[in-house]
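Throughout the sequence shown, residue numbering follows our numbering, covering 1082 to 2007 in sequence.
Working notes, beginning with the structure itself.
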Amino acid sequence: MDIQQLRSWIFELYEPFPEERTYAILTGHDGILIDLPPFDRRVALQILGVMTPRLVFFTHVHRTTDIDRWREALPDTRFALHEADRSGVRGEIVLAKDGDLLWRAPETRVLHIGTRTPGESMVITKVPGGVLFAGDALVVTASGGIALPEERYGADEDIRAGLEKLRAVEFSAMLSAHGRPVWNAAKERYQQLLNELPRPHKRFGHLLDAPWDRDYLRVRTQMTHNPIVPQAETIAEAAGHGPSTLVPAWEHRPARAVSWPQAPVAAQPGAAGGDGKKWSLSKEVPRSLPPQQRSAVQSVPLELLEAPVAFRRLSAADIAAVPQVDWVYRSFDLSPDGGEVVFAWDKTGAYEVYRAPVASDAIYQLTDGGTRSRSLQPRISPDGRWIAFLRDRDGDERFDIYLVDRSARGERRLTDHPATRGELIWSPDGRALASISDEDGGLALHVIAVVSGTHRIVARNLRVVENLEHAPSWSADGRFIVYHSADADANVDLYVAPADGSLPPWRLETRPEAGQSRQGRFSADGRALAFSTDVRGRWEIAVLPLRDGRADGSTRYLRDGHFDETDPLWDADPRRLLYRRNADALVSVRRAFLVSNDDEPALDVPGVHFAAKVAPDGSLVYHWSGAREPADVFVRGAEDILPRRVTRSLPAGIPSGLFVEPRHVRYPSLDGVEIPALLYLPHREAVDGEREHPPAVVFAHGGPTSQHFAQYDDWIQWFANQGYVVLAPNARGSTGYGRGFREANRGDIGGKDVDDIVAGATWLASEGVADAERVAVFGVSYGGYLTLMTLARAPERFAAGCDVVGPTSLGPFLGATRPDIALAVELYVRGLNETERSERSPIDLVDQIKAPVLILHGKKDPRVPVAEAERLVAKLRERGKAFSYHAYDSGHQLILREQRQDALERTIEFFNEHVRDRVAARVGTA
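As structure tokens, this is what we get:
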């Protein structure tokens, strides 16, 4: 007899021949046995070698044939079965009823599904994710399906009534006495079984209108269009129900009186069907996308609202102490069984890894790296036992890979070579991790053995375009890894590399013309690859057929939408895909249907959904932030309407009503191009005592290729709470508004993008939203660069500026930053000669800067080295300019709460002095 561990607390005991499997549920050194094989002394000795069974539960009376011999072999064990099976069993027996809790096993209960005596019983345990012990009631077929034992039931439809009880039971795995275990998709396969079984005969109740009962509703209510199946097919199915019962449901209904206008009315331009095109059932997607939907340039009156709660000014310490679940490094993952979520959270002041059972309120901290370290991007192994994560120090972004047991019994450092690393991906067998890193010089795709820590390179010379996102994907059989890389012309392609490195990678043909294809995700059967592409003008989701890891057909575009759509994720149902839609700075999760090309909202609470994971039962666990809510983790069941919060980052003493929601607006740039932006108006109480119009901050985002989203931003809420209007422009070069807009600053960095920032300040003044004489400019990273360029190009427009970790040159910076960043930024300076680069370098424009400037930087910044700030400070001092400078012992991000608090205080004090109060600028000191 063999013993196999299925979970940390479930073991399978089975003979070399099939058909007889016994399962042990351990609760320490004892536990429960589900069923027993025919008596064998060797089997009894092996069971006692594993555990001391306190209870044996028989799922069927026929399994009690050798109960007397088992009683002798296991004298300390009690034996049980359902009360419906009591007849014919000799001796003492424990009788269980439906729902009874068995012994001390975690949430393990009995469920009787038989319709006659003797019947069938099952055992369901709810931890983790739900495991169903089916005994002899259900069998697992060779193809992995679930079926009834034909020799006992045949086509008897009455058994369905018993099986219907399982509809209300949640489980992700099924263990049967007949066949191998079914993991993850067990409930889905069980639902398929019910669909195949004959439905019980029903008699029409006197309260129902014959000839319809609750199971057979009219076509108009039951046969609505199913987005999974094209309507052309459902129409034929509906007609098959017969005209005598179904068609009269609406054909014989009297027509509703309609009052028509006396004169013809012309159709409005936006009316449905107003373009004259006829609706078609064709699955073909038009070749060119429709034009981007956009709102007109808006005139926004200054309508400051009172805070919905008692208003108070927050302190910098209040804002700095608000934690978030990290979204920058995608620090969020779900266990394969859907039972647990792991995430990185700075609840204690430093980012650490936590895990939380989805079905409870408990949260467990797994790591403790100290205040100067960050533990980020946790990823759960396929067996759920280990969590891999990245850790750096002082925010230097030189990461090593660590492993921690899910019980937090200890960490293991897997690599000892700090490097820039992309997203970690587990191999399907849990023996290796894939990641893109520069530990051997240039960017390469590495496969790292979990046991030994050795690694091999399966793809070299990867290139980056626009961002630092490197997210490979492993095929379910473990043979292939898909990743994306750019060519010299900035086109991005998907490549497939054999995971064992036996062959060089090959390129997948996904784009007929210039553009990008990335974020490849294999389907479970490996026959399709979902990815995002911008070939047709904006990001959209496409699917490529595959055979043996190579293209086996042409690219198919799923949707014909107006907005950028990215991040495909296969749903629990393989006929569906989830993806993220970016619509006017709000990011929702949508579900697309592969057959019909229809889609529907899956998660659309206003805000930003950073990531979502699908549990085997269809539940969604997701990472979300709103403008007034920091990033947290939520779960929504497959049948639930409202989500349940897993984490709560906003401290109890800070009501969300103290923060403000943005308005999505558009304003004309200097050349008339419409620029989208988020406008944050402070609460009325925050500007009491001000002049007619409040001061303002124009906030330039980082990137270059990024954007302002309607998510929680501590800088924005800090400024608004202190009485400043905040305009957050998505200037040319921003994501979210189509490919043309996103690439508008290529070869023109420091050009039209700077004009868009300047125009934002002009618009605020012209609309009466803010005081024209009291506008500051602020930016982080690339936004810091735009801040300095704006102060030089429009010296009279801004009263002050603040540059946080921004580059100050287009020459030395490219030679000093990380190689992957230099390759990405090169797109934006391509075509500029030396003179033009100098004209777009703030350090060469210091003489034009008139407004006071605050410079904040990290001493260990790997992206924008601190030398960039130091050279600028030296030149500002040399020219006698008004400035203030402070460097933190940190990287590109301020990792300590004390650092963030200090930066918030310095910035608001600087702006209050030079903007709000309009005190003459003074020359600062380093």
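Note that beta-carbon positions come from the ideal geometry of N, C-alpha and C, so glycine has one too.
- Contact check for F1879 against P1888 fails: the beta carbons are separated by 8 Å or more.
- Assignment of K1940 by DSSP, reduced to helix, strand and coil, places it in the coil class.
- Residue range K1833 to S1847 is occupied by the alpha helix (DSSP H) that includes D1836.
- Taken in chain order, the whole beta strand (DSSP E) runs of length 3 or more contained in the segment 1407 to 1438 are 1413 to 1415, 1421 to 1426 and 1433 to 1438.
- DSSP places T1871 inside the alpha helix (DSSP H), whose first and last residues are Y1863 to R1874.
- Collapsing the DSSP output to three states places V1531 in coil.
- Along the segment 1887 to 1938, the alpha helix (DSSP H) occurs as fully enclosed runs of 4 or more residues at 1893 to 1897, 1900 to 1910 and 1915 to 1920, listed in sequence order.
- Taking the C-beta atoms as reference points, G1804 is found no nearer than 8 Å to A1857.
- According to DSSP, T1728 shares a beta bridge with no other residue.
- If you draw a 10 Å sphere on the C-beta of Q1273, you find fewer than 16 other C-beta atoms in it, and that means exposed.
- In the DSSP secondary-structure assignment, K1694 is bridged to V1702.
- Rounded to the nearest whole angstrom, the CA to CA distance from G1180 to F1138 is 14 Å.
- CA-CA distance, G1596 to G1821, rounds to 11 Å.
- The C-alpha of V1212 lies about 14 Å from the C-alpha of L1183.
- Pairing L1869 with D1852 gives a Cβ-Cβ distance that is not under 8 Å.
- The count of Cβ pairs closer than 8 Å, one atom from the segment 1503 to 1517 and one from the segment 1978 to 1985, stays below three, leaving the stretches out of contact.
- Under the 10 Å beta carbon count, N1914 is surrounded by fewer than 16 other beta carbons and is classified as exposed.
- According to DSSP, V1670 shares a beta bridge with R1661 and L1684.
- Comparing alpha carbon positions, the residue from S1518, G1534, R1592 and A1963 closest to A1552 is S1518.
- Per the DSSP secondary-structure output, V1175 pairs in a beta bridge with A1161.
- Distance between S1787 and A1825, taken at the CA atoms: about 13 Å.
- Q1803: not part of any beta strand (DSSP E); DSSP gives it neither H nor E.
- If only complete runs of 3 or more residues are kept, the segment 1712 to 1788 shows the beta strand (DSSP E) at 1743 to 1749, 1755 to 1761 and 1777 to 1781, in order along the chain.
- In the three-state DSSP reduction, W1620 falls in the coil class, being neither helix nor strand.
- Of all C-beta pairs linking the segment 1688 to 1695 to the segment 1622 to 1642, fewer than three are shorter than 8 Å, placing the two stretches out of contact.
- Taken through DSSP and simplified to helix, strand or coil, Y1271 comes out as helix.
- Counting the other Cβ atoms within 10 Å of the Cβ of G1784 gives 16 or more, which makes it buried.
- Straight-line spacing of the CA atoms in R1921 and N1993 works out to 29 Å.
- Between S1533 and A1425, the alpha-carbon positions lie close to 26 Å from each other.
- For E1492, DSSP records a beta bridge to V1485.
- Taking 8 Å as the cut-off, the Cβ atoms of I1529 and T1496 count as close.
- Of the other Cβ atoms in all chains shown, 16 or more fall within 10 Å of the Cβ of N1802; this residue is therefore buried.
- Between the C-alpha atoms of P1118 and G1419 there is a straight-line separation of about 32 Å.
- Between the alpha carbons of D1166 and H1141 lies a distance of about 7 Å.
- Here L1935 is not near S1890, since their CB atoms are 8 Å or more apart.
- Spatial neighbours of R1952 in its own chain (CB-CB distance under 7 Å, excluding positions within 5 residues in sequence) are listed in chain order as T1889 and I1924.
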